[in-house]
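**Q** Read left to right, the sequence shown gives residues -36 to -1, 1 to 827 (mature numbering (1 follows the signal peptide of the UniProt record, and there is no 0)). Using N, Cα and C, we set each Cβ at its ideal position, and we do this for glycine too. Given the structure is predicted, the values throughout are model-derived calculations rather than measurements.
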Amino acid sequence: MSVTATSPLPRLRLGRIALALLLACYLPMASAQLVADPGKPDAAQQKDVLPYAIDRDGPGAPAISAVDGDGFVTLSFGPGKAQDAPGWLVIRPREGHWDWHAVKSLRMHVQNAMPWALTLLMQLKDEQGQTLQATLALPPSGPFALAMPLSATLPLQMGMRSGPVIPWTVKDANGAESPLGLVETTAGTLDTTKIREIRIGMPPPDAEQKIRLGKVFLPPIGTDDLQAGYTGIVDAYGQYTRADWPGKYRLPRKLARALEEATPPDVKTARRKADGVKDVRDLDGDGKVSKREQRLARTEEQAEKRLTARQKARRAKAWRDAQEAARADFALHARQADQKLANALAALQDEDEENAGASYSADKHRPALDRFGGITGIEGSSHGNGWFRTGHLTLKDGSRRHILITPEGNPFFSFGVNAVQRDNSETFVGGREFQFTSLPVRGMAEYRFTQKKDSTETLPADSGAQRNRHFLKGQTHNFYHANLYRRDGDDWAQRWVTRTGKRLKSWGFNTVGAWSDDSMNRVKLPYTRIAHVSGPFARLSDGNDWWQGIPDAFDPAFGHALEATLKKETASSQDDPYLIGWFVDNELGWGNGSAPDPLARYALAYSALKMDAAQPQAHAKRALVKLLRERYNDDVQELARVWQRPLSDWKALEAAWPAERLPDGRNPQVAADLSAFLRLHAETYYSQVAQALKKHDPHHLYLGSRFAGRTPESIAACARWCDVVSFNLYIPSLREGFEAEEFARIDKPALLTEFHFGSSDRGPFWPGVMVVNTEAERGPAYRKMLESVLANRQFVGAHWFQYLDQPVTGRWLDGENGHLGLVGITDVPWHDFVLSVARTNRDVLGQLRREAASVSTSGKSSD
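1) Return yes when the Cβ of Glu618 is within less than 7 Å of the Cβ of Phe577, no when it is not.
2) Suppose the cutoff is 6 Å on Cβ atoms and the five residues either side in sequence are ignored; what does the same chain contact list for residue 836 look like?
3) Which class does His366 belong to by DSSP, given the choice of helix, strand or coil?
4) Apart from the five residues on each side of it in sequence, which residues of its chain come closer than 6 Å, Cβ to Cβ, to Ala111?
5) Indicate whether Gln173 and Met78 have their beta-carbon atoms separated by less than 7 Å.
6) If you count every other CB in all the chains shown that lies within 10 Å of the CB of Trp80, and 16 or more means buried, which is it?
7) Rounding to the nearest angstrom, what Cα-Cα distance links Pro331 and Leu809 in this structure?
8) Note down, in chain order, each residue of its chain lying with its Cβ closer than 6 Å to the Cβ of Gly202, except the 5 sequence neighbours on either side.
9) Taking only the alpha-carbon atoms, compute the straight-line gap between Leu305 and Phe729 and give it to the nearest angstrom.
10) From residue 828 to Gly127, what distance separates their C-alpha atoms?
11) How many angstroms separate the CA atom of Ile514 from the CA atom of Ser505?
12) Which of the three DSSP states is assigned to Gln121 in this structure?
13) Could you compute how far the alpha carbon of Glu624 sits from the alpha carbon of Leu573?
14) Work out the CA separation of Leu750 and Val801 for me, nearest whole Å.
15) Beta strand (DSSP E) containing Lys417: first to last residue?
16) Skipping 5 residues on each side, what residues in its chain have a beta carbon closer than 6 Å to that of Ser651?
17) Please report how far the alpha carbon of Arg284 lies from the alpha carbon of Arg451, in whole angstroms.
18) Where in the stretch 473 to 540 do unbroken runs of the alpha helix (DSSP H), each at least 4 residues long, occur, reported from the N-terminal end onward?
19) If you run the structure through DSSP and keep just helix, strand and coil, what is Ser161?
20) Confirm, please, whether the CB-CB distance from Leu144 to Val129 is below 7 Å.
21) Can you have a look at Ala46 and say buried or exposed, based on whether 16 or more other CB atoms are within 10 angstroms of its CB?
22) Who are Ala101's beta bridge partners in DSSP?
23) Kindly provide the ranges of any beta strand (DSSP E) runs that are 3 or more residues long and lie completely inside the stretch 16 to 63, ordered along the chain.
24) Using the beta-carbon count (16 or more within 10 Å), is Gly338 buried or exposed?
25) Short of 7 Å in beta carbon distance, which residues of its chain neighbour Ser(-30), apart from the five on each side in sequence? Order them along the chain.
26) Evaluate the contact criterion for the stretch 593 to 608 versus the stretch 525 to 541: three or more CB pairs, one atom per stretch, below 8 Å.
27) Given Ala27, which residues of its chain have a CB within under 6 Å of its CB, disregarding the five upstream and five downstream residues?
28) Using a Cβ-Cβ cut-off of 6 Å (strictly less than) and excluding sequence neighbours within five positions of Phe721, which residues of its own chain qualify?
29) In the DSSP assignment, what are the bridge partners of Phe759?
30) Give a single yes or no on whether Glu527 has its beta carbon closer than 6 Å to a heavy atom of the ligand MN.
31) Could you pull the start and end residues of the beta strand (DSSP E) that Ala109 belongs to?
32) Excluding five sequence neighbours on each side, which residues of the same chain lie with their C-beta closer than 7 Å to the C-beta of His61?
33) Within the same chain, show all residues whose beta-carbon is closer than 6 Å to that of Leu82, passing over the 5 residues directly before and after it, in chain order.
34) Measure from the alpha carbon of Arg595 to the alpha carbon of each residue in Val37, Ser612 and Asp637, then state which is nearest.
35) Could you tell me which residues DSSP pairs with Leu665 in its beta bridges?
36) Is Val384 closer than 7 Å to Val461 when the C-beta atoms are compared?
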């Protein structure tokens, strides 16, 4: 039902709104009106306001309160069913349309009236029916101005996965502060000269939800809310500028003032040029050089000419001293944070011993460990064979669990961290200097960490991870490197290795996971390595190709590339007993085994069908044809009958099949054929990798390919050929979202190789794949996952992703900008989270020790 403001049914409720339509004017937020005319820029609303209609659309349309004392109305969205269409508040001009071509965004004053985040839907429609739409999480907060850009946009166009957290505080020309937020993602097309509707809605909630809506208006002409939303969001240390949190570094004002006063004119000029200022004399950045600015520039130039060589030397020394003082303060801050955490960890250990009382023994609460981290003193432990292998641990209740065995023969549960690296934290700065408040320039020591990079050399521009992203190549800066230099000086790289190794051990980790720096191999912690097979071989598509297409394992070029890759990668670590084993490739696109849509379930088979077998690269298509000829005893008419597709001969099958001709995978017999191809392809891939790895590194385990997307066929093939099946699982626990019962039938050791829990309240905006609301929730989420891993008798460990937070403005590779780390960009650990993680790791290891009765090898080892 659609109800206008003049309809008799809601006369009492909407009468005040209709009256206010005639009275609205430009007012501060405290007395904002829903009815300010969105068809005129903000300043113009003081002169005249055109009336418009307030409608309600859909069965879930919100109830609308009277205007309250603050000039807001409350929109109450009643409960509904998930399959129901959203309910809408609709704002239309009474006559004609609005012309917004002179501005770049629409603003409205809103407030989430609930104590939790709500999903808000927004749509703008023009007279042709075109729609620009947005979905955003409206946080619980006070009222603020929400700006919706009038063109399609998303954070990837600004170079990052997720945009700034809303709202933040802005200052106007007079210094007055007010909260502002940006709708970061909009999609669709809009003719801004003929706007017909503003629609505000919400998906059907489980229970009544309320938002408050105030003035709806356009900002002054020339305002660029989108650009402003991303301007100055990162400080000199790589930290987000618009929020504070425990442990955030701020340069003391006295040192900041001294640094500013000592900055040489040439450095100031270089900074202004780096910021994109066309004329360095333009001090206020308005694009013009006033007479006052001209006088100041001449005065500075003349003063510079009068300086003697001695004065210049003194100034240079003052500049060096100011920088060193700033670095010393930064280093002190980092050391104090480390010491605070060390004290807390020591207190945690003392607490464990005190709680244990007189019955305390290291055997019960802190298991004695061998040099690799294996639990000693378990019945059945042997001297080992010098390498990591798989085995079984018999528990005191008589059940058995899979376990890893150290080179010394003791059971080992892998507590790991991925990407323990000091490199790869670059973020693109070229072309988006406006996002940074202070980038280093030539003449500054930190400038050495600025370099050019091209992400497309590693990740194709047409891959899913790069899709719609801007800033794929150009100038980068590594804030993490710069901060390590500030902390440790020229020896920063080696000090990082030593400090990081000590950290991991004290936090209860015993494994350095994939993508970690080779230098971490020296800290005497077990580690894993990953090899990525690349080369000019054919690929199949799962329809998404997030990283890129999966290798066509039937292509001989893949076998050649595999041999070359493993020969090179394994050469340096073949004889290292600390190496647990190898991952080969990562998150390959096998398809989605749980998808109801056969196009996703059997994606690789359909990908092969679309090929023309006559083409040189169509190895998979020829393998599929050969398989089907075998399955149907060379009877093409029987295949045609089963598939319900006309086939005159086998040449018709060899031709490229268009999408509309593909067989229906909902047919059980068709599904069986497609499944057989998936099985053949997976077997061909894993058998080749296993045999090549055995050839080049016979001692170490094959740890699989780190499943994300997966099918039963690919998991079964992996289990046959790998020593351990690895899974990247972004789920709350192994009890939720993992096919534990199905995998248990295979009875194979498994390793959780990626998981994390992120929030957006500590700098980086993207909370990752598994989101928690706050930093305080990350620790309990980690414990829940680790306890579920221990409870699953097939899993032999869990590896957190990742060691370090990603850059606020997105990592150079793909723009990910998540708060996922144990450590922040200033190399300061997230104190409370790390403390919680250390406790969990200790508790899980202690529980495993208490439950263990005896250990045995599985007979399936790397040898």
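**A** In short, the structure shows the following:
1) Before going on, a small fix: residue 577 reads as Ala here, not Phe. Yes, the Cβ-Cβ distance between Ala577 and Glu618 is below 7 Å.
2) As shown, the chain starts at -36 and ends at 827. That puts residue 836 outside it, with no answer to give.
3) strand
4) Ser69, Arg71, Leu146 and Asp189
5) yes
6) exposed
7) 8 Å
8) Phe443 and Ile789
9) 25 Å
10) This structure cannot settle anything about residue 828, because the visible part of the chain is limited to -36 through 827.
11) 6 Å
12) helix
13) 12 Å
14) 10 Å
15) Thr414 to Asp418
16) Trp685
17) 16 Å
18) 520 to 534
19) Note that residue 161 is Glu in the sequence shown, not Ser. Residue state, collapsed to three classes: strand.
20) no
21) exposed
22) Thr83
23) 16 to 21, 37 to 41 and 51 to 57
24) buried
25) Legend: pLDDT at Ser(-30) = 28, less than 50; position of this residue unreliable, value from coordinates given subsequently. Hits under 7 Å: none found.
26) no
27) Ser40
28) Met734, Val736, Arg742 and Ala745
29) Ala714
30) Annotation note on the ligand MN: not contained in the displayed structure, which lists no ligands.
31) Phe108 to Pro113
32) Glu91, Lys158, Ile159 and Arg160
33) Asn76, Leu102 and Gln173
34) Asp637
35) Gly545
36) no
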